[in-house]
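Trainee:
In the working numbering, the protein residues as written are 5 to 271.
(1) Going by the CB atoms, is the gap between residue 60 and residue 255 shorter than 9 Å?
(2) Taking just the CA atoms, how far does residue 74 sit from residue 234?
(3) Roughly how many whole angstroms lie between the Cα atoms of residue 173 and residue 147?
(4) Expressed to the nearest angstrom, what Euclidean distance is found between the alpha-carbon atoms of residue 214 and residue 154?
(5) The beta strand (DSSP E) that contains residue 132, what's its start and end?
(6) Would the region 164-184 and the region 192-200 be scored as touching if the rule is three or more Cβ pairs under 8 Å?
(7) Report the rounded CA-to-CA distance for residue 58 versus residue 50, giving the unit in angstroms.
(8) When burial is assigned at 16 or more other CB atoms within 10 Å of the CB, is residue 72 buried or exposed?
(9) By the DSSP assignment, the beta strand (DSSP E) with residue 162 in it spans what residues?
(10) What residue range does the beta strand (DSSP E) around residue 91 cover?
(11) Taking the beta strand (DSSP E) that residue 100 belongs to, which residues open and close that run?
(12) Between residue 247 and residue 185, is the Cβ-Cβ spacing less than 9 Å?
(13) List the endpoints of the continuous alpha helix (DSSP H) containing residue 240.
(14) Reducing DSSP to helix, strand and coil, say where residue 235 ends up.
(15) With a cut-off of 8 Å on the beta carbons, I'd call residue 109 and residue 131 a contact; round off their distance for me.
(16) On a CA-only basis, which of 268, 200, 42 and 116 is nearest residue 210? Give me that one, please.
(17) Which of the three DSSP states is assigned to residue 50 in this structure?
(18) Please state the DSSP three-state secondary structure of residue 6.
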């Protein structure tokens, strides 16, 4: 008798679940994932509030060397901050995902790196912001790309580049064709290899300064290398990103007493 009751209950539960539209279940799953994203770029949990969300985010409000910054070209030091900086990139099949804050491109190869005065920083991931986070003489660009590198001791170095509206960016076409509209549970492999040497500006004039991550926990001590000249991307490509993230940029931070250096990587 007890077994019969159990069977009946099981059938009722199954039928009840079957009546729930699959789209509703998917939406609940999406909302469940989205709830993990608890800092945002909006007012309620936006940049001004990051410092109060978690004690580990103290630097977001109490730091002294924060990023992004406005670069005043009339105030930069025309000299090298490091003796030698080498970019070591190879064609790579990257993985792309939507992490709830941006489109992030991961490097599974571990073969792309940045060397600063003999210290190697391995490329960890690439991501994008719209509009640009840094400014150049007060100018904001359509977008900005960040190539995040990390050394064995945990130190980080970021290469940044501006993106302006112009011609189609053929180097990123394959990546852009896979932009995930929703938060992904697993990364998607880009079909073709991408050579980051081709993605970065041909003109190797850069600005360098000491800053921070532009997202929580806003960790300081990050070496920033920002290309002066922008790369181009078509209006359609920019809009494709904007449809997913209409804005995901942190406001400009105070420079304080930091120096900004300008030099050419080829010299």
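Even glycine gets a Cβ: it sits at the ideal position worked out from N, Cα and C.
Mentor: On the basis of the supplied data:
(1) no
(2) 15 Å
(3) 13 Å
(4) 15 Å
(5) 123-133
(6) yes
(7) 13 Å
(8) buried
(9) 160-169
(10) 89-92
(11) 99-102
(12) yes
(13) 239-246
(14) strand
(15) 7 Å
(16) 268
(17) coil
(18) Low confidence applies here, because residue 6 scores a pLDDT of 34, under 50, leaving its location unreliable; read the following figure in that light. Note: residue 6 maps to helix in three-state DSSP.
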